[in-house]
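Novice: Handing you this structure, nothing more for now.
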Amino acid sequence: MKEREKFGSRLGFILVSAGCAIGIGNVWKFPYITGIYGGAAFILMYLVFLVALGLPIMVCEFTVGRGSRMGMGKALDTLEPKGTKWHRMKWISILGSFLLMMFYTMVGGWMLKYAFMEATGTFVGLDGKAVEGVFGDMLTNPGTLTFWAIVAIVISFGACGFGLEKGIEKVTKVMMIALLLLMIALAVNSAFLPNAAAGIKFYLVPDFGEVAKKGFGNAVFAAMSQAFFTLSIGIGSMEIFGSYLDRKKRITGEAVNIVLLDTFVALMAGFIIIPVCFAYGVEPGSGPSLLFITLPTLFNNMASSSAVNFFIFMSFAALSTIIAVFEEILAFFMDIGGWSRKKAVGVNFVLITVLSLPAILGFNVLSGIQPLGEGSNIMDMEDFLVSSNLLPLGSLVFVLFCVRKNGWGFENFLKEANEGEGIKFPHWIRLYMQYILPLIVVIIYLKGYYDMFSGKSTAVFVSWMCFAVLLLFVIFGVSIFTGRKKTERTK
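Each residue of the sequence shown is one higher than the last, beginning at 563 in this note's numbering.
Here it is as structure tokens:
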């Protein structure tokens, strides 16, 4: 049997895994949502949930990977007790990875396109309306969107094609170091803008009046959701890198390093964006309008290379995630089918390119398709399936599999997680992981459905909520009943 690939260095593992966790959401959503819910007051709640929610799930995912030495194609098959059905849950991870790449490759292409346009002076002299027109023209041109998505796919599969150490680790280390340096430079530049102090105050000084105004419960849930989704946990994109990890260090310490790096990027994004918005009297909004219309317009007023550096940074953030998820997809074919890396890259290059087309065409040729109601598009549907379904459901599977006796079992999980040197994963946390943590994930999952469909008709709302509950019954059914008859006969 061919020996499992391994990282060339501990730093490589940390940077590659952090690259997967660090995505576009860190940059635009975190600063905005922090400002809405009282600045530092929200950050404090976010950090609490990051430790209580994100960190233990990440430890579970990494530990399943290292314990099995397999990607999600065979990880659960390898670790589950004989006669149980946990392996059927692997399709959550596989489907989630493909669905995420069906639109994230396109968004990665947007970043590359904007970096190119900023470098070639496309936005020079344009006002806000003209910049908005450039963004609109890009979305309505399927050829442009397809070309830049393919560029992102080629770069990412190119890195994966050279293998773990010589390709993924080498390329991602360079991108992540450059990303961090660019962030620091951009943050320093923003700090010296006019009225930057007001922006930093808005971002970092606790405003409990704003928390009360928005509702404490809403602020808590927002912090909980951001802490959960920021780490890209639940679909195996972390698990695959755990399968390449040696046993010199305990899993918890490595996970803490990645969480800290991810949090640093999120916080630094606020220091970049918020002062820019305050300097030019712009409300720090969220989403595509901020990234692709507001910021390019503001950068036109700044006599520096900030615009080019910002979108290079954004490109690195997107590409590091794409490379990580591509590796999870490749590992599935290599582990299940025994394919060579070269064959897996070739087949999936074609497959991902074709699967990316619906999201691309959803902004132009197929814009009449509005699967989630008026104003939605195909990408919105794909994003909803991943973010509000497969990420929380996959996280639930990882936790239940690691703590239940008919799964891997908490003692087996703990033994593997604590192999090596470093921070130990505590035994006393067992009850929390068995009952409280799954409950929090379920709440996040159901709240996602509520937020999406509460404004629809009663019939639509009830139908979708019933569908959400049905999926939960499937997950808990496997966790409770799988292998039970065999255990009873044994007794």
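Even for Gly, the Cβ is constructed at its ideal location relative to N, Cα and C.
1) Please determine, among G971, L881, G935, G635, the residue with the shortest C-alpha to C-alpha distance to G720.
2) Does DSSP put E983 in a helix, in a strand, or in coil?
3) Which runs of the beta strand (DSSP E), 3 residues or longer, sit entirely within the stretch 842-908?
4) So, does the CB of T640 fall closer than 8 Å to a CB anywhere in chain B?
5) Cα separation between T1052 and L1032?
6) In whole angstroms, what is the alpha-carbon distance linking V626 and E978?
7) Would you kindly work out how many angstroms separate the C-alpha atoms of E889 and I656, rounded to a whole number?
8) Out of I730, P933, T640, G1039, which one is the CA nearest neighbour of V1022?
9) Who does K811 pair with in a DSSP beta bridge?
10) What number of angstroms, rounded off, separates the C-alpha of T1049 from the C-alpha of E981?
11) Would you grab the beta carbon distance between D824 and G600 for me? Rounded to a whole angstrom, and I think it's under 8 Å.
12) Report the three-state DSSP secondary structure of E565 (helix, strand or coil).
13) Considering only residues of the stretch 946-972, which uninterrupted alpha helix (DSSP H) runs meet the minimum length of 4 residues and lie entirely inside it, listed in chain order?
14) Looking at the secondary structure, which residues open and close the alpha helix (DSSP H) in which T550 lies?
15) Starting from T640 and walking both ways along the alpha helix (DSSP H), at which residues does that stretch end?
16) In chain order, what residues of the same chain have a beta carbon less than 7 Å from the beta carbon of L674, not counting five sequence neighbours either side?
17) Three or more beta-carbon pairs under 8 Å between the stretch 790-802 and the stretch 617-625, yes or no?
18) Exposed or buried, V1040, counting other C-beta atoms within 10 Å across all chains shown (16 or more means buried)?
19) Reducing DSSP to helix, strand and coil, say where K1053 ends up.
20) Put M745 into one of helix, strand or coil per three-state DSSP.
21) Would you kindly check if the distance between the Cβ of F611 and the Cβ of M830 is under 8 Å?
22) Considering just the uninterrupted stretch of the alpha helix (DSSP H) at F1078, what are its terminal residues?
Specialist: Per the coordinate set shown:
1) L881
2) strand
3) none
4) The chain labelled as chain B is not found in the depicted structure, where only one protein chain is given.
5) Caution applies to T1052, whose pLDDT of 38 falls short of 50 and renders its modelled position unreliable; the model cannot decide the point.
6) 9 Å
7) 11 Å
8) P933
9) E983
10) Summary for T1049: the model assigns pLDDT 44, below 50, so the residue's position carries little reliability; its value from the coordinates is reported in the next sentence. Answer to the nearest angstrom: the Cα atoms are 29 Å apart.
11) Actually they are not in contact, since the Cβ atoms of D824 and G600 sit about 22 Å apart, beyond 8 Å.
12) coil
13) 953-965
14) In this structure the chain extends from 563 to 1053, so residue 550 is not present and cannot be described.
15) 637-641
16) W710, V713, A714, S877
17) yes
18) buried
19) Note on K1053: pLDDT 35, under 50, position unreliable in the model; no value is reported.
20) helix
21) no
22) For residue 1078 there is no data in the structure shown, the boundaries of the chain being 563 and 1053.
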